[in-house]
Amino acid sequence: MPTLQGQAVNPTMMQFASLSSHREELLFFQGKIEDIPLTGPIIGIDLGTTNSCCAIVEEGRPKVVPSRFGYNTIPSIVAFSDEHELLIGHPAKNQMMLNPRNTVYGAKRLIGRKYRSRIVQLIKDRFLYSIVETPQGGSAVHIDEKTFTLEQISALILSEIRDIAQEYLHQPVHRAVISVPAHYNDQQRQAVRDAGLLAGLRVERIVNEPTAAALAYGFGRGIQQRLLVYDLGGGTFDASVLEVDKDVFEVISTGGNTFLGGVDFDNTLIDHVIRDFYRETQIDLRNDPIQMQRVRDACEKAKCDLSMEKRTRINIPYLLQRGGKPIHLEQEITRDALNSLVKGLVEETLRVCEAVMKARELKKEDIDEVLLVGGMTRMPLIHERLTAYFGKPPHRNVHPDEAVAIGTALLAHSFGKKNAVRLIDVLALPIGIGLPGGRFVPVIAANTPLPFEKNFVTATTRDNQTVLELPIFQGESQNALENEYLGTLRLAGIQPAPKGAHKVELQFKLSNECLLTLRATNLQSGQSESVVLSTKDTPDELSQQLNAPKPESSPLPAHQRPLPWPPPAR
Ligand code: AMP
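Right, here's the structure in full:
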């Protein structure tokens, strides 16, 4: 790798190096989307929480592009080594345990979220690297004494993927289709587009992961079926029902839980292991991040091993020293024991599936096939429970780690072709307005087919009101402040008049990729503004603006609440 100011730099990024001495500028593409060629192959990218995967269509067949090290996926991990060397993918994962504070993982859970949003505040302490606020109120990470936005972190992963694809295809790659979770909101989708641009990629289309998985299953097969895509990955769970009619892939219902993924299965096992260790040794491991990282890795490995074996051992030699003597952690765990620890998590996924079907008055008998996506679906308990619930086993021919990337590649390949596929998606979570007092009024309901447009008229509510401000939220709670804050729609320059005198027409427009644009038009003056939804309102400012109390606390979902400590003796 070429070295720049003593640092290893990804060769593709060097292509975009400006003459500036700023290292970040050398890492990221500085141009505009129009500067990127419209020619060349379009690659499909599944930008995952844990792993990412790239696929292309070669001689009419989809194919996963192997990583530099011969794997079909690359870990979505970015790090700086002690020597300040930038590491992406496997090299970053390999040193993670020794260098947890300079290793960024799980960026997908943070990208496009405001630092002060409830979710970031809730999860930021679970990461071992430091998460900071950008001047615009976004979330960023601070590693190796530098600050990177989550878009930049994701861009580094995308650049690595782009490099691999270029090497494989022996030609430059400028274009991509990238998948995102169905529940991603407008800002998260936009942030992925921005990450693509920073990696020098023209993002031709953002596609929802379940739709991509359905494409991998049904593309070109001329089927007419109703599918349920069960997607349990590292951080989140999504369930979607799609109707496939030959080349038309229509999502009819979608739902999920952004706080339910492999990491919760790991945490449940970790909790069990450190409790047992405490009972034996009276040593509390929870406060040492390095020891906890070792326990975390060993537990995740044990969880994966138990998908193949009925029992396994968790062995961590020399975990710590007491009185000059080394202490090892050694425990045996059986598949049955793991199953009983995590059964509540699996039942929660079935509850989501049921709600998603119920939203369309569907019964489990109405589902022709269940497709499994995400690494966690390798767990035998999940197969067993789905088989029992649906009365038939889930479909097995779609690869859980590769299906989404394959689907993105197939979609990319179909662009401009005679039999191009048609995708019809839906809005995953309602979008609406926060009213004074804090009530959330949905404007666009969940499961609304996209694209979609809605206009309605509102009026000034105070005498001599010169500015109209409406905070926009997305989520399922009736309390606006418990939902994701998307920004404030603001129309200024209204001429002073008695309340109600000025009527304002609001237009909410969602693209087929679920990107939101808003327009406000003063019907008296004709003044119109398209609204940029990015403000830096804090929860305090918002609760003042709405004259509503902040939600008391950020309650963790039941399955994630810590158990009492110290654990009672058995
Ligand atoms: P994904 O985000 O789809 O890459 O899924 C990653 C999650 O799948 C992580 O929590 C992994 O621990 C989990 N996973 C991967 N392989 C297995 C396996 N064989 N058994 C159980 N979980 C697995």
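All residue numbers for the sequence shown refer to our numbering, where the first residue is 90 and numbers rise by one.
Cβ atoms here follow ideal geometry from the backbone N, Cα and C, with glycine treated the same way.
All values derive from a computational prediction rather than experimental measurement.
Cβ-based neighbour list, residue i, same chain, cut-off 8 Å, excluding 5 preceding and 5 following
| i | result |
| --- | --- |
| V209 | L199, R202, K203, I220, S228 |
| R449 | V330, I341, S342, N536 |
| A509 | D336, S503 |
| L434 | L349, D353, F354, T357, H648 |
| P489 | L461, V462, G463, G464, T466, R467 |
Residues near residue i by beta carbon distance below 7 Å, same chain, minus five either side
| i | result |
| --- | --- |
| I312 | V333 |
| D386 | M186 |
| V441 | F326, A328, G344, G345, N346 |
| K213 | I220 |
| G521 | F529, V530, P531, V532, F562 |
| L604 | D275, R278, Q279 |
| T606 | K598, S619 |
Member of the options whose CA lies at the smallest distance from the CA of residue i
| i | options | result |
| --- | --- | --- |
| S429 | R474, G582, D455, A509 | R474 |
| A444 | L578, A387, L374, A535 | A535 |
| R467 | F117, E398, K213, G129 | E398 |
| H591 | N572, L575, L557 | L557 |
| Q241 | I250, V230, R251 | V230 |
| D124 | G480, V292, S617 | V292 |
| R579 | G589, K588, Q616, S566 | Q616 |
| R190 | S170, C143, M465 | S170 |
| V493 | L136, L116, I131, F216 | L136 |
| L374 | P469, I416, L451 | I416 |
| G576 | P587, P560, A586 | P560 |
| R411 | I403, I372, N188 | I372 |
| G120 | H472, F338, H263, L607 | H263 |
| D320 | R310, A302, Q314, Y306 | A302 |
| G129 | T162, R251, R400 | R251 |
| R400 | T423, D455, P378 | T423 |
| C143 | G496, K543, G526 | G496 |
| I253 | H472, T438, N161, E419 | N161 |
| E147 | I131, F541, F366 | I131 |
| R608 | G322, F118, L217, K543 | K543 |
| K432 | G351, I583, R551 | G351 |
| E436 | Y306, K414, A477 | A477 |
| L595 | Q380, A284, F545 | F545 |
| A586 | L518, P261, C393, A548 | A548 |
| V515 | E602, Q380, G133 | E602 |
| L512 | C388, F237, E222, F338 | F338 |
| R315 | F541, L451, N188, G413 | L451 |
Classification of residue i by the beta-carbon crowding that lies within 10 angstroms, buried from 16 upward
| i | result |
| --- | --- |
| H282 | The sequence shown places Arg at residue 282, not His. Counting Cβ neighbours within 10 Å, R282 comes out buried, since at least 16 surround it. |
| I295 | buried |
| K182 | buried |
| S110 | At S110, the pLDDT of 36 sits below 50, so the modelled position is not reliable; the number obtained from the coordinates is stated separately. The residue in question, S110, is exposed, as its Cβ has fewer than 16 Cβ neighbours within 10 Å. |
| E491 | buried |
| Y407 | exposed |
| L612 | exposed |
| S619 | exposed |
| T425 | Correcting the residue type first, residue 425 is Asp in the shown sequence and not Thr. D425 should be labelled exposed. |
| V530 | exposed |
| P126 | exposed |
| A658 | exposed |
| N486 | exposed |
| P655 | exposed |
| T300 | buried |
| F158 | exposed |
| S268 | buried |
| S156 | buried |
| A517 | buried |
| H259 | exposed |
| P525 | exposed |
Chain-order list of residues whose beta-carbon lies under 6 Å from that of residue i (same chain, five-residue window excluded)
| i | result |
| --- | --- |
| L499 | P151, L304, F308 |
| Y194 | I166 |
| D484 | Note on identity: in this sequence residue 484 is His, with Asp being the wrong assignment. Same-chain partners within the cutoff: E458, L460. |
| L418 | F366, I405, L408 |
| G322 | T138, G350, G463 |
| M482 | One point to set straight first is that residue 482 is Pro, not Met, in the sequence displayed. Excluding sequence neighbours, P482 sits near T476. |
Check: residue i C-beta below 6 Å from any heavy atom of ligand 3
| i | result |
| --- | --- |
| C142 | Ligand 3 is absent from the structure shown, which contains only ligand 1. |
Item to check | beta strand (DSSP E) runs contained entirely in the segment 417-472, provided each spans 3 or more residues | outcome: 458-462
Next on the checklist: What ranges does the alpha helix (DSSP H) occupy inside the segment 141-227, keeping only unbroken runs of at least 4 residues that lie completely in it?
Outcome noted: 179-183, 207-212
Next on the checklist: Restricting to runs no shorter than 3 residues, where is the beta strand (DSSP E) found entirely within the segment 284-353?
Outcome noted: 291-297, 313-321, 326-334, 337-346
Checklist entry - Going along the chain, which unbroken runs of the beta strand (DSSP E) with 3 or more residues stay wholly within the segment 225-283? => result 228-232, 235-238, 264-269
Next on the checklist: As an exercise, report each continuous beta strand (DSSP E) stretch of at least 3 residues that is fully enclosed by the segment 500-527, in chain order.
Outcome noted: 511-513, 520-523
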